[in-house]
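Numbered according to the working numbering, the sequence shown spans residues 8 to 107.
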Amino acid sequence: MGEKTLTRMDLSEAVFREVGLSRNESAELVEAVLQHMSDALVEGEQVKISSFGTFSVREKAARVGRNPKTGEEVPIQPRRVLTFRPSHLMKDRVAAGNKR
(Lines of atoms letter the chains of each structure in order from A; the text may use other names.)
(Lines give C-alpha, C1' and ligand atoms only; values in the text may rest on other atoms or scores of the structure.)
Protein backbone atom coordinates (compact mmCIF):
# COMPACT_ATOMS: atom_id res chain seq x y z
CA MET A 8 0.00 0.00 0.00
CA GLY A 9 1.52 3.34 -1.09
CA GLU A 10 1.97 6.16 1.39
CA LYS A 11 -0.06 8.95 -0.22
CA THR A 12 -0.76 12.09 1.77
CA LEU A 13 -3.69 14.38 1.03
CA THR A 14 -2.39 17.96 1.15
CA ARG A 15 -3.93 21.43 1.19
CA MET A 16 -2.91 21.72 -2.46
CA ASP A 17 -4.84 18.52 -3.26
CA LEU A 18 -7.92 19.89 -1.49
CA SER A 19 -7.78 23.24 -3.27
CA GLU A 20 -7.25 21.46 -6.61
CA ALA A 21 -10.36 19.34 -5.93
CA VAL A 22 -12.37 22.49 -5.12
CA PHE A 23 -11.05 24.08 -8.33
CA ARG A 24 -12.18 21.08 -10.43
CA GLU A 25 -15.50 20.39 -8.68
CA VAL A 26 -16.78 23.89 -7.87
CA GLY A 27 -15.24 25.93 -10.66
CA LEU A 28 -13.61 28.66 -8.57
CA SER A 29 -10.22 29.93 -9.69
CA ARG A 30 -7.17 28.19 -8.27
CA ASN A 31 -6.46 31.19 -6.01
CA GLU A 32 -10.05 31.36 -4.78
CA SER A 33 -10.05 27.60 -4.17
CA ALA A 34 -6.84 27.83 -2.12
CA GLU A 35 -8.26 30.76 -0.12
CA LEU A 36 -11.48 28.83 0.54
CA VAL A 37 -9.59 25.77 1.82
CA GLU A 38 -7.40 27.99 4.02
CA ALA A 39 -10.46 29.81 5.40
CA VAL A 40 -12.22 26.53 6.28
CA LEU A 41 -9.10 25.09 7.97
CA GLN A 42 -8.52 28.35 9.86
CA HIS A 43 -12.14 28.41 11.06
CA MET A 44 -11.85 24.78 12.25
CA SER A 45 -8.55 25.50 13.98
CA ASP A 46 -9.92 28.61 15.72
CA ALA A 47 -12.94 26.69 16.99
CA LEU A 48 -10.74 23.93 18.41
CA VAL A 49 -8.45 26.46 20.13
CA GLU A 50 -11.56 27.92 21.79
CA GLY A 51 -12.50 24.44 23.06
CA GLU A 52 -15.40 23.88 20.66
CA GLN A 53 -16.08 20.62 18.84
CA VAL A 54 -15.89 20.51 15.05
CA LYS A 55 -18.42 18.05 13.69
CA ILE A 56 -18.45 17.20 9.98
CA SER A 57 -21.48 15.14 9.08
CA SER A 58 -20.67 11.67 7.65
CA PHE A 59 -16.98 12.25 8.40
CA GLY A 60 -16.33 12.66 12.12
CA THR A 61 -15.83 14.93 15.10
CA PHE A 62 -12.69 16.77 16.16
CA SER A 63 -12.47 17.85 19.80
CA VAL A 64 -9.95 18.97 22.39
CA ARG A 65 -9.50 16.94 25.55
CA GLU A 66 -7.82 18.03 28.77
CA LYS A 67 -5.37 15.44 30.10
CA ALA A 68 -4.38 15.58 33.75
CA ALA A 69 -0.84 15.48 35.05
CA ARG A 70 0.45 12.00 35.74
CA VAL A 71 3.59 10.05 36.41
CA GLY A 72 5.01 8.22 33.42
CA ARG A 73 7.86 5.76 33.27
CA ASN A 74 10.88 5.72 30.97
CA PRO A 75 10.59 2.24 29.39
CA LYS A 76 14.35 1.93 28.98
CA THR A 77 15.45 2.85 32.51
CA GLY A 78 12.25 2.42 34.51
CA GLU A 79 12.76 5.92 35.91
CA GLU A 80 9.56 7.76 36.86
CA VAL A 81 9.01 10.98 34.91
CA PRO A 82 6.30 13.59 35.59
CA ILE A 83 4.06 14.33 32.61
CA GLN A 84 2.55 17.81 32.63
CA PRO A 85 -1.19 18.43 32.13
CA ARG A 86 -1.98 19.21 28.51
CA ARG A 87 -4.66 19.62 25.88
CA VAL A 88 -4.79 17.04 23.11
CA LEU A 89 -6.69 16.95 19.83
CA THR A 90 -8.90 13.90 19.29
CA PHE A 91 -10.82 12.67 16.28
CA ARG A 92 -13.78 10.29 16.33
CA PRO A 93 -14.79 9.07 12.89
CA SER A 94 -18.48 8.72 12.10
CA HIS A 95 -19.98 5.26 11.64
CA LEU A 96 -20.30 5.97 7.92
CA MET A 97 -16.58 6.79 7.70
CA LYS A 98 -15.64 3.69 9.73
CA ASP A 99 -17.76 1.50 7.43
CA ARG A 100 -16.32 3.10 4.29
CA VAL A 101 -12.71 2.64 5.46
CA ALA A 102 -13.41 -0.97 6.51
CA ALA A 103 -14.97 -1.71 3.10
CA GLY A 104 -11.88 -0.27 1.40
CA ASN A 105 -9.71 -2.86 3.16
CA LYS A 106 -11.62 -5.78 1.62
CA ARG A 107 -10.28 -5.39 -1.92
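No residue lacks a Cβ here, since even glycine has one placed at the ideal position from N, Cα and C.
In its chain, beyond the 5 residues on either side, 54 have a beta carbon closer than 6 Å to the beta carbon of residue 47. Taking each of 56, 29, 24 and 12 in turn and checking the Cα distance to residue 94, the smallest one comes out for 56.
In the displayed model, residue 23 falls within a helix according to three-state DSSP. Contact between residue 62 and residue 44 holds, with the beta-carbon distance rounding to 7 Å and staying under 8 Å. For residue 63, the secondary structure class from DSSP, reduced to helix, strand or coil, is strand. Look at residue 76 here: in three-state DSSP terms it is coil, with no helix or strand label.
Residue 71 and residue 85 have their C-alpha atoms some 11 Å from each other.
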